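Note sheet for the following structure.
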Amino acid sequence: MNSIIRTCLRGTVGYFCLFIVIVQGGLFPANIWAEENGLTLNQCIDYALKNQPSIRASQEAVNATLGREMQAVSLYFPQVAASAGYSESHSIGGAFGDSISKSRASTLSVSQLLYDFGKTGNASDVARWGTRASELDAERVRQEIILNVKQAFYALLQARKIAEVARKTIEQTASHLKQAQAFYQAGSRPRFDVTRAEVDVNNAKLGLINANNSIRLRTIALNNAMGVDPGQKTDINDMLPPLPALLTPDQTLSEALKNRPELQKYEADIESARAAIRAEQANYLPTLSASGAYTWANGTTEMGPYKGDIQNSWNAGITLTIPLFQGGLTKGRVSEARANLYSLEAKRDAVRQSILLEVNQAFADIESATARVEVMESTLKKSSENLELAQGRYDAGVGPHIEVTDAQLSAVNAEMDHIQALYDHQLAVARLMKSMGRGQE
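By our numbering, the letter at position 396 of the sequence shown is numbered 813, and the numbering carries on one by one without gaps.
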């Protein structure tokens, strides 16, 4: 067993191997964290990606930007309209007497933008980059949901392990209590040993109560992370995916700056802002458009003794619109668009800094948790030996009960710290993957 542990301790991924060996191989009772037919981590993630409301909200935000993109490119196409109506007018008096006009008319009109010096094209680019930014923001939401599920899943596993330690502690303290009572009845030990053992039993029971409540609360948190009813009963198992191979710090930083959706979103926003500046500057330039209409008319006009039919008609023309003076409107819009660009560039730089910080913190957490796993594995072994020695001295009548109590407390704390180190290692790797823009690895 010890040789297997020493082998597993070689390398970062080895600590996950150590965790499996400890849980399944005897340092801790087997299947402590397992729930038969329970949800795996990947199943919890898949369920969250289908049910979390924030996923649906981000997807609808993408659909909204697609709609704006369609609006922007619509000006490239002819604008066709049809109308129909009936009119009747009466005019009293005049050189020829009263006049009456009755008509039914149907009109088909067409207008087409011919050239606007890039205004429509740049507006289309604004919308297109806006869609890209919205898609990247949806990916950011997705990766955050995955990390939230991982955190909740690992926290629930940790709570279950702590509950198992608490149950084992109750069994040990109850055994010590029976032994102390036997010694007291035999007259070889004082009443103090019995009362102290009773306090230890009660403290262990309180620890189990707290551990079970932690399981309940962390199950609620996992349900919330998955987007389901928090009160729903959820069973999970310990089928954790193997930890991915870690890159070097430099490789990790490079990949994070390349893949993080937050940074890519700001790059898309910046391109959109640049296109917005060009679109606003195009308002200084002319616009050339064409239009035409044809009217089908059916009616009559009576003017005194004269009477005639209303005829069909058509019109067509080309219009050149030149902005001569706008009171500074276009200048103000260009200035606003340019300020928006500078603001986005500054925010992008701030996000870049936060990503670098996040990656370095994740690496530091992994190194710390890795070292703590190794230290706590040794501490756990020594504390177990100390407990056996103290128990043996007490059984032989040469050691006080307080020595057993202290050794037992030390062993429990060592188990708790070991569990925490294993959990922190899993979580640190999950955060590193997220900081690199890798969601579900």
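Virtual Cβ for every residue (Gly too), placed ideally from N, Cα, C.
Computed from a prediction, not measured in an experiment: that's the story for all the values here.
Residue i in three-state terms, based on DSSP
i, result
"residue 729", "coil"
"residue 737", "strand"
"residue 648", "coil"
"residue 795", "helix"
"residue 544", "helix"
"residue 715", "strand"
"residue 439", "Because residue 439 carries a pLDDT of 35, less than 50, the predicted location of this residue cannot be relied on, and no value is offered for it."
"residue 770", "helix"
"residue 663", "coil"
"residue 497", "strand"
"residue 691", "helix"
"residue 527", "strand"
"residue 466", "helix"
"residue 705", "strand"
"residue 813", "coil"
"residue 517", "strand"
"residue 502", "strand"
"residue 653", "strand"
"residue 452", "The predicted position of residue 452 is uncertain, since its pLDDT is 42 and thus under 50; no value can be drawn from it."
"residue 849", "helix"
Residue i CB to nearest heavy atom of the ligand NAP below 7 Å
i, result
"residue 700", "Of ligands this structure carries none, so the ligand NAP is not represented either."
Sequence-distant residues of its chain with Cβ nearer than 6 Å to residue i (five each side left out)
i, result
"residue 679", "557, 768"
"residue 704", "533, 738"
"residue 499", "525"
"residue 448", "Note that residue 448 has pLDDT 34, beneath the 50 cutoff, so the model's placement of it is unreliable and no number is given."
"residue 834", "793"
"residue 638", "569"
"residue 755", "694"
C-beta atoms of residue i and residue j nearer than 8 Å
i, j, result
"residue 573", "residue 635", "yes"
"residue 570", "residue 666", "no"
"residue 853", "residue 561", "no"
"residue 618", "residue 587", "yes"
"residue 807", "residue 816", "yes"
"residue 714", "residue 694", "no"
"residue 783", "residue 847", "no"
"residue 566", "residue 642", "yes"
"residue 593", "residue 829", "no"
"residue 633", "residue 544", "no"
"residue 522", "residue 712", "yes"
"residue 800", "residue 831", "yes"
"residue 620", "residue 455", "no"
"residue 850", "residue 659", "no"
"residue 803", "residue 771", "no"
"residue 773", "residue 670", "yes"
"residue 753", "residue 517", "no"
"residue 610", "residue 818", "yes"
"residue 537", "residue 492", "yes"
Cβ-Cβ separation, residue j to residue i (assumed contact under 8 Å), whole Å
i, j, result
"residue 751", "residue 697", "5 Å"
"residue 825", "residue 589", "6 Å"
"residue 584", "residue 625", "6 Å"
"residue 732", "residue 710", "6 Å"
"residue 707", "residue 529", "5 Å"
"residue 548", "residue 490", "Actually they are not in contact, since the Cβ atoms of residue 548 and residue 490 sit about 11 Å apart, beyond 8 Å."
"residue 838", "residue 789", "4 Å"
"residue 555", "residue 475", "4 Å"
Cβ-based neighbour list, residue i, same chain, cut-off 7 Å, excluding 5 preceding and 5 following
i, result
"residue 553", "678, 681, 682, 685"
"residue 761", "683, 686, 687, 690"
"residue 576", "628, 631, 632, 635"
"residue 775", "852"
"residue 504", "520"
"residue 539", "692, 695, 696, 699"
"residue 647", "637, 640, 641"
"residue 836", "575, 578, 579"
"residue 645", "468"
Cβ neighbours of residue i in the same chain (closer than 8 Å, five flanking residues each side left out)
i, result
"residue 649", "640"
"residue 466", "472, 559, 562, 563"
"residue 531", "705, 706, 707, 735"
"residue 701", "740, 747"
"residue 823", "807"
"residue 546", "685, 686, 688, 689, 692"
Within the stretch 534-604, ranges of the alpha helix (DSSP H) (whole runs, at least 4 residues) | 536-603
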